[in-house]
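Engineer:
Structure below.
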């Protein structure tokens, strides 16, 4: 292959473009393998926590709760409805509504937030209307422990900052425990609780939990696809160049 033709400006640019594309494919393949590792770690966390007996939170609230996400839990206390808030963007049988997030006061003065469940948005746009959902004290809650949101998902709307003179938010998009703690006048635990589902519960608040599929997802297959694309570029490109140069040389004879 004649060097002047091989190292022309056109072929140098094309070669760099192909190498960049192949490198991008390799990087995307590695990213999918990283996602696979994260998924496997998540599955292992959920499986190990589900295998444990329910934690008595009143007796073990000083344990490393942040490491126990998805473990079953039971807790007893008194709901503080004055510091209750609502979470937006939840549906029940196609009907839009909110989830009530209520502090459950414990005997030592601390509290754990409980995502009590769904209420319809109609007639509940003012916190004063939520009093109809108050429960008799004391309360016992059985559910699973969850961690709050630390990083807002890409493209999602974050919770707004407080306006001048505003002391609290009544409606939230995410369970941001750090920000919620700033408007609650007593310490809260670093987890919150999603109560167990009750198939016979037809009256709000209706407990809801996300469906968790313990699968590895499509990440391994996607990784193989990206690596295959990189191989096609790196192996096929030299043959393409050779063919093009040969055809060009034949035309010049």
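In the working numbering, the protein residues as written are 565 to 817.
C-beta atoms are modelled at their ideal positions from N, C-alpha and C, and glycine is treated no differently.
With 16 as the cutoff for other CB atoms within 10 Å, does residue 565 come out buried or exposed?
Structural biologist: What you label residue 565 is simply residue 1 of the chain shown in a count that begins at 1. Caution applies to residue 565, whose pLDDT of 49 falls short of 50 and renders its modelled position unreliable; the value that the coordinates give is listed next. Its Cβ having fewer than 16 others within 10 Å, residue 565 is exposed.
Engineer: Are at least three pairs of beta-carbons, each pair with one atom in the segment 671–688 and one in the segment 759–774, less than 8 Å apart?
Structural biologist: Short answer: they touch.
Engineer: In this structure, does DSSP put residue 593 in helix, strand or coil?
Structural biologist: The count along the chain shown starts at 1 and reaches residue 593 at position 29. Three-state DSSP puts residue 593 in a helix.
Engineer: For residue 800, which residues in the same chain have their Cβ closer than 8 Å to its Cβ, ignoring the five residues on either side in sequence?
Structural biologist: Locating residue 800 in the chain shown gives position 236, where the first residue counts as 1. Excluding residues within five positions, none has a Cβ falling inside 8 Å.
Engineer: So if DSSP puts residue 665 in a beta bridge, which residue, or which two residues, is it bridged to?
Structural biologist: As a working note, residue 665 is residue 101 in the chain shown. DSSP lists 649, 679 as partners of residue 665.
Engineer: Contact defined as beta carbons within less than 8 Å: I believe residue 650 pairs with residue 668. What is the distance between those atoms, to the nearest angstrom?
Structural biologist: Here residue 650 is taken as the residue at index 86 of the chain shown, counted from 1. Here residue 668 is taken as the residue at index 104 of the chain shown, counted from 1. Wrong, their Cβ atoms sit about 16 Å apart, outside the cutoff.
Engineer: Give me the DSSP bridge partner(s) of residue 757.
Structural biologist: As a working mapping, residue 757 is identified with position 193 in the chain shown. Note: residue 757 sits in a beta bridge opposite 678, 709.
Engineer: Need the endpoints of the alpha helix (DSSP H) that residue 701 sits in, please.
Structural biologist: As a position in the chain shown, residue 701 is number 137, starting the count at 1. No alpha helix (DSSP H) contains residue 701, which DSSP labels as neither H nor E.
Engineer: Just to confirm the assignment, what range does the alpha helix (DSSP H) spanning residue 743 have?
Structural biologist: Position 179 of the chain shown, counting from 1, holds the residue named residue 743. Segment 741–746, the alpha helix (DSSP H) holding residue 743.
Engineer: So for residue 624, helix, strand or coil by DSSP?
Structural biologist: Position 60 of the chain shown, counted from the start, is the residue given in the question as residue 624. DSSP places residue 624 in helix when its eight states are reduced to three.
Engineer: What's the gap between the Cα of residue 639 and the Cα of residue 672?
Structural biologist: In the chain shown, the residue the question calls residue 639 occupies position 75. In the chain shown, the residue the question calls residue 672 occupies position 108. Taking the straight line joining both Cα atoms gives about 13 Å.
Engineer: Does any residue of chain B bring its CB to less than 8 Å from the CB of residue 626?
Structural biologist: Absent here is chain B; the protein component of the structure consists of one chain.
Engineer: Any contact of the segment 775–785 with the segment 751–762, i.e. 3+ C-beta pairs under 8 Å?
Structural biologist: No contact exists between the segment 775–785 and the segment 751–762.
Engineer: For residue 659, which of helix, strand or coil comes out of DSSP?
Structural biologist: Translated into positions along the chain shown, residue 659 becomes position 95. Note: residue 659 maps to strand in three-state DSSP.
Engineer: Using a Cβ-Cβ cut-off of 7 Å (strictly less than) and excluding sequence neighbours within five positions of residue 641, which residues of its own chain qualify?
Structural biologist: Here the question's residue 641 lines up with position 77 in the chain shown. Correct list, in chain order: 668, 669, 670, 702, 703.
Engineer: What residue does the beta strand (DSSP E) around residue 635 start on, and which one ends it?
Structural biologist: By one-based count along the chain shown, residue 635 stands at place 71. That residue, residue 635, is in no beta strand (DSSP E); it is neither H nor E in DSSP.
Engineer: What do you get for residue 634, buried or exposed, if any count of 16 or more other CB atoms within 10 angstroms of its CB means buried?
Structural biologist: By one-based count along the chain shown, residue 634 stands at place 70. Buried.
Engineer: With DSSP collapsed to three states, give me the class of residue 517.
Structural biologist: Within the shown structure, residues of the chain are numbered from 565 to 817, placing residue 517 beyond reach of any answer.
Engineer: Classify residue 733 as helix, strand or coil using the three-state DSSP reduction.
Structural biologist: Numbered from its first residue, the chain shown carries residue 733 at position 169. Note: residue 733 maps to coil in three-state DSSP.
Engineer: Three-state secondary structure (DSSP) at residue 788?
Structural biologist: For this step, residue 788 is matched to residue 224 along the chain shown. Correct three-state label for residue 788: helix.
Engineer: Could you compute how far the alpha carbon of residue 780 sits from the alpha carbon of residue 725?
Structural biologist: Counting from one through the chain shown, the residue named residue 780 turns up at place 216. Counting from one through the chain shown, the residue named residue 725 turns up at place 161. Between residue 780 and residue 725, the C-alpha separation is close to 37 Å.
Engineer: Is the segment 786–800 touching the segment 705–713, taking contact as three or more C-beta pairs under 8 Å?
Structural biologist: The segment 786–800 is not in contact with the segment 705–713.
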